[in-house]
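Peer 1: Take a look at the following structure, please.
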Amino acid sequence: MTAGGGATGEDVGRALADALAEQRLRIVASLIRTTGDWDLAEDVVSDAAERALLTWPRDGIPANPAAWLTATARRRAIDVLRRGQVERDKLAEVAAIEELTDDHTDPSPMGDDRLRLVFTCCHPALALEARVALTLKVVSGLSTEAIGRAFLTSEATMGQRLLRAKNKITHAGIPYRVPTEDLAERVGGVLAVVYLVFTEGYATSARSLADEAIRLGRLLVTLLPDSDETRALLALMLLQHARRDARVVDGERVTLEHQDRSRWRRDEIDEGSALLRRRWTVRGPYAVQADIAAVHASAPSAEQTDWPAIVALYDELLDIAPSPVIALNRAIAVGMSDGALAGLAALESAAEDSRLAGHYLVAAARGDLLSRAGLHEEALIALEQAIELAPTDQERRQLEQRVAELRGS
Amino acid sequence: MKYMMLVVSDPEAADRPADPAVDEVEDWVSRNDASGKRVIGERLRPPESATTVRRRGGELLVTDGPFTESREWIAGFDILECEDLDEAIAIAATHPMVAAGTIELRPFWPFDEA
Chain A
1 MTAGGGATGE DVGRALADAL AEQRLRIVAS LIRTTGDWDL AEDVVSDAAE
51 RALLTWPRDG IPANPAAWLT ATARRRAIDV LRRGQVERDK LAEVAAIEEL
101 TDDHTDPSPM GDDRLRLVFT CCHPALALEA RVALTLKVVS GLSTEAIGRA
151 FLTSEATMGQ RLLRAKNKIT HAGIPYRVPT EDLAERVGGV LAVVYLVFTE
201 GYATSARSLA DEAIRLGRLL VTLLPDSDET RALLALMLLQ HARRDARVVD
251 GERVTLEHQD RSRWRRDEID EGSALLRRRW TVRGPYAVQA DIAAVHASAP
301 SAEQTDWPAI VALYDELLDI APSPVIALNR AIAVGMSDGA LAGLAALESA
351 AEDSRLAGHY LVAAARGDLL SRAGLHEEAL IALEQAIELA PTDQERRQLE
401 QRVAELRGS
Chain B
1001 MKYMMLVVSD PEAADRPADP AVDEVEDWVS RNDASGKRVI GERLRPPESA
1051 TTVRRRGGEL LVTDGPFTES REWIAGFDIL ECEDLDEAIA IAATHPMVAA
1101 GTIELRPFWP FDEA
């Protein structure tokens, strides 16, 4: 379709979606910098999209839909600001926002408004839940209603949370800037937000959140090309997400051991693994976790997994980022690598950590290892204990199934 | 932007390092006075010297001690004039009390602002 003739609704929808995917974030990010008005920036882009839906079917899809969107949003912003009697120099600044296209990219990524926006949304002076909500709303462009649904709260509650976050940015003087100090820490803060979005999508099986997190990960890899941990996080998410079709079958979660590996997405595994094959300057927890996921992804079955490599990676992870849950996972890997009795010894030493006291995963892992060691009676006792401690029905059902299997054998 | 920087002490906190020496704080003060970032500030006497004043039902109530039961107390304050919150955080992070206590940054709220 070209300018002049009309266009079908389907073509318009597709062209608009593409243009928004390409330009929405740049327009919003540049308008926030020039006007300091977050709501205005988001509103004028929505207005421009609505206008496209009205005019494109009649006039045809413009030759450069993304540029049309930028120009329309900018004009609308100037109108609104003029009505609000904003100073002349600010208007000039808005008018100067260029029709950014892919061949017009800032040579220095630190000068990119999108990066400024990401760092501001993930500023440590905002509560973590506010950072997550703001990033999904302003960077990803999700609706307040969709974010509320993903985090099991009402649209009104989520709207309040977003409003409080935007107010704090204005009132507390949170700068719209890529940090110059503590950059590594601040990047870590951004990655934590993205990974939280991803794991939330994992926990609730809300695939759209996991997809959104991966999209954010890709954006960050573009914006921060030298950050090893950013690349590692994208790899980790791709490798974990590649298992999604095998992970939940008929609404029930399937453990890694029992997943149908032919349903893993090979293209995503290849992409994730390729990201890991580059040299590391910084090797942080995401890189090690991604390596663990890559070892699993390349194994034809649980039995044929390179378990000694997994144990070594868990050791490395415990060195960088000690955590009782990692020690627990390491014990399970030791059980696969060196036998159930070695695994039990590792498990009991991990379980000494008071933070794991009364955790169902310890009892479940103990039950597994005991049954592998042929101690069925002891295994049943541990699994019954795990069932009592399990936090949700889903986990209880899984454990009950294991008890049934053990009784049947 | 102007920030009130409250220097909060919690003498009963576990694993609390010793209070910094006075001359360490004086160094911090002179550095930030020289850069023009610190407008004014003072150390405050502990809660034993505090007096609370309220008017309730027409009656003026003057009582001994601070208005909260909290074991934390404000040991001092500084007014900072900063470009933005990041600059205020950077300055607060160098205050000697940041390890032994807690520092709270509160932006000013001028009456003509929403």
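Chains as they are written, first to last, in our numbering: chain A, 1 to 409; chain B, 1001 to 1114. Beta carbons are placed, not taken as given, at the ideal position from N, Cα and C, and that holds for glycine. Here the structure is a predicted model, which is why all the values come from computation and not from measurement.
1) Closest to A:Ala-373 by CA distance: which of A:Ala-363, A:Leu-341, A:Ala-293 and A:Ala-350 is it?
2) Could you run through the region 162-186 of chain A and flag, in chain order, every residue whose CB is less than 8 Å away from some CB of chain B?
3) A:Arg-125 touches chain B at which residues, Cβ-Cβ below 8 Å?
4) Check A:Lys-411 in the structure and name its three-state DSSP category.
5) Quick check on the burial criterion: 16 or more other C-beta atoms within 10 angstroms. Buried or exposed for B:Glu-1113?
6) Can you pull the chain A neighbours of B:Pro-1107, defined as C-beta to C-beta under 9 Å?
7) Residues bridged to A:Val-193 by DSSP?
8) With H, G and I counted as helix, E and B as strand and the rest as coil, what does DSSP make of B:Ile-1103?
9) Given B:Asp-1064, which residues of its chain have a CB within under 7 Å of its CB, disregarding the five upstream and five downstream residues?
10) Give a yes or no on whether 8 Å exceeds the smallest Cβ distance from B:Met-1004 to chain A.
11) In the DSSP assignment, find the alpha helix (DSSP H) that holds B:Ala-1075 and state where it starts and stops.
12) How many angstroms separate the CA atom of A:Gly-410 from the CA atom of B:Glu-1104?
13) Looking only at DSSP bridge pairs, what is A:Tyr-202 linked to?
14) Suppose contacts are defined by Cβ-Cβ distances below 8 Å. Is A:Leu-223 in contact with A:Val-194 by that definition?
15) What are the boundary residues of the alpha helix (DSSP H) that A:Leu-383 is part of?
16) Could you name the residues of the same chain whose beta carbon sits closer than 6 Å to that of A:Met-336, not counting the 5 residues immediately before and after it, in chain order?
17) Need the endpoints of the alpha helix (DSSP H) that A:Gly-159 sits in, please.
18) May I have the straight-line CA-CA distance separating A:Ala-390 from A:Ile-381, to the nearest angstrom?
19) Any beta carbon from chain A within less than 8 Å of B:Glu-1081's own beta carbon?
20) Below 6 Å CB to CB, which residues in the same chain sit around A:Ala-52 once its five sequence neighbours on both sides are set aside?
21) In three-state DSSP terms, what is B:Val-1053?
22) Return the Cβ separation of A:Pro-285 and A:Gly-189 in integer angstroms, given the expectation that the two are a contact with Cβ distance under 8 Å.
23) Given B:Trp-1109, which residues of its chain have a CB within under 8 Å of its CB, disregarding the five upstream and five downstream residues?
24) What does a CB cutoff of less than 6 Å around A:Leu-69 pick up in its chain, not counting 5 residues either side in sequence?
25) Quick check: the region 1078-1096 of chain B against the region 390-400 of chain A, are there 3 or more CB pairs under 8 Å?
26) If we cut at 8 Å on Cβ distances, does B:Met-1097 have a partner in chain A?
27) Let me know the secondary structure DSSP gives B:Tyr-1003 once reduced to three states.
28) Out of A:Gly-367, A:Arg-149, A:Pro-322 and A:Leu-370, point me to the one whose CA is closest to A:Arg-355's CA.
29) Does A:Thr-101 have its Cβ less than 8 Å from a Cβ in chain B?
30) Please give the ranges of any beta strand (DSSP E) in the region 1010-1063 of chain B, keeping only runs that are unbroken, at least 3 residues long and fully inside the region.
31) Give me the Cβ distance between A:Pro-175 and B:Asp-1084, rounded to the nearest whole Å; I'm assuming they're in contact under 8 Å.
32) Could you check how far apart the C-beta atoms of A:Ile-27 and A:Ala-63 are, in whole angstroms? I think they sit under 8 Å.
33) Do the region 253-263 of chain A and the region 160-170 of chain A meet, that is, are 3 or more Cβ pairs less than 8 Å apart?
34) Here's a check: name, in chain order, each residue in its chain whose Cβ is nearer than 6 Å to the Cβ of A:Thr-105, leaving out the five neighbours to either side.
35) How many Å lie between A:Gly-358 and B:Ala-1099 at the Cα?
Peer 2: Reading it off the structure:
1) If you number the first sequence from 1, residue 373 of chain A lands on position 373. Closest by alpha carbon: A:Leu-341.
2) Taking 8 Å as the upper bound on Cβ-Cβ separation, chain B lies near residues His-171, Ala-172, Gly-173, Ile-174, Pro-175, Arg-177, Pro-179 and Glu-181 of the region 162-186 of chain A.
3) As a first step, residue 125 of chain A must be located in the first sequence, where it is residue number 125. Looking at the sequence shown, residue 125 of chain A is not Arg but Ala. Within 8 Å Cβ-Cβ: Leu-1085 and Ile-1089.
4) This structure does not reach residue 411 of chain A, given that chain A is present from 1 up to 409, and the question cannot be answered.
5) Position 113 of the second sequence holds residue 1113 of chain B. Exposed: under 16 other Cβ atoms inside 10 Å.
6) Looking up residue 1107 of chain B in the second sequence gives position 107. Within chain A, the residues near B:Pro-1107 are His-171, Ala-172 and Gly-173.
7) Along the first sequence, read from residue 1 onward, the residue named residue 193 of chain A stands at position 193. Partner(s): none; A:Val-193 has no beta bridge.
8) On the second sequence, position 103 is the one that residue 1103 of chain B refers to. B:Ile-1103: strand per DSSP, three-state reduction.
9) Here the question's residue 1064 of chain B lines up with position 64 in the second sequence. Answer for B:Asp-1064: Thr-1051, listed in chain order.
10) Your numbering for residue 1004 of chain B matches position 4 in the second sequence. For B:Met-1004, the answer is no, since every Cβ of chain A falls outside 8 Å of its Cβ.
11) Here residue 1075 of chain B refers to the residue found at position 75 of the second sequence. Premise fails: B:Ala-1075 lies in the beta strand (DSSP E), 1073-1081, not in any alpha helix (DSSP H).
12) Residue 410 of chain A lies beyond the stretch modelled for chain A, which goes from 1 to 409, so this question has no answer here.
13) Here residue 202 of chain A refers to the residue found at position 202 when the first sequence is read from its first residue. Answer by DSSP bridge pairing: none, since A:Tyr-202 is not bridged.
14) On the first sequence, position 223 is the one that residue 223 of chain A refers to. On the first sequence, position 194 is the one that residue 194 of chain A refers to. No, the Cβ-Cβ distance between A:Leu-223 and A:Val-194 is not below 8 Å.
15) Position 383 of the first sequence, counted from the start, is the residue given in the question as residue 383 of chain A. Segment 376-389, the alpha helix (DSSP H) holding A:Leu-383.
16) Taking the first residue of the first sequence as position 1, residue 336 of chain A is located at position 336. Cβ neighbours of A:Met-336 beyond the five flanking positions: Trp-307.
17) Translated into the one-based positions of the first sequence, residue 159 of chain A becomes position 159. That run of the alpha helix (DSSP H) goes 155-172.
18) Position 390 of the first sequence, counted from the first residue, corresponds to residue 390 of chain A. Position 381 of the first sequence, counted from the first residue, corresponds to residue 381 of chain A. So the two alpha carbons sit approximately 14 Å from each other.
19) Position 81 of the second sequence, counted from the first residue, corresponds to residue 1081 of chain B. Not closer than 8 Å to any Cβ of chain A, the Cβ of B:Glu-1081 fails to qualify, so no.
20) To locate residue 52 of chain A, count along the first sequence from 1; it is residue 52. Closer than 6 Å at Cβ, skipping near neighbours: Leu-16.
21) Your numbering for residue 1053 of chain B matches position 53 in the second sequence. Three-state DSSP puts B:Val-1053 in a strand.
22) By one-based count along the first sequence, residue 285 of chain A stands at place 285. By one-based count along the first sequence, residue 189 of chain A stands at place 189. The pair is not a contact, with the Cβ atoms about 14 Å apart (cut-off 8 Å).
23) By 1-based counting over the second sequence, the position of residue 1109 of chain B is 109. Hits under 8 Å: none found.
24) The residue you call residue 69 of chain A lines up with position 69 of the first sequence. Excluding positions up to five away in sequence, the list reads Ala-19, Gln-23 and Ala-48.
25) no
26) Taking the first residue of the second sequence as position 1, residue 1097 of chain B is located at position 97. Judged by the 8 Å Cβ criterion, B:Met-1097 is not in contact with chain A.
27) The sequence position of residue 1003 of chain B within the second sequence is 3, counting from 1. Strand, per DSSP.
28) On the first sequence, position 355 is the one that residue 355 of chain A refers to. It is A:Pro-322.
29) Walking along the first sequence from the start, residue 101 of chain A turns up at place 101. Interpretation of A:Thr-101 is limited by its pLDDT of 40, a score under 50 that renders its predicted location unreliable; no figure is taken from the coordinates.
30) 1038-1043 and 1051-1056
31) Stepping through the first sequence from its first residue, residue 175 of chain A is reached at position 175. Stepping through the second sequence from its first residue, residue 1084 of chain B is reached at position 84. That pair is a contact at about 4 Å.
32) As a working note, residue 27 of chain A is residue 27 in the first sequence. As a working note, residue 63 of chain A is residue 63 in the first sequence. Not really, about 18 Å apart at Cβ, beyond 8 Å.
33) no
34) Position 105 of the first sequence, counted from the start, is the residue given in the question as residue 105 of chain A. Unreliable placement is indicated for A:Thr-105, whose pLDDT of 49 sits below 50; the coordinate value is still reported in the next sentence. The same chain holds no residue with a CB closer than 6 Å to that of A:Thr-105 once the five nearest residues on each side in sequence are set aside.
35) The residue labelled residue 358 of chain A in the question sits at position 358 within the first sequence. The residue labelled residue 1099 of chain B in the question sits at position 99 within the second sequence. Approximately 34 Å between the Cα atoms of the pair.
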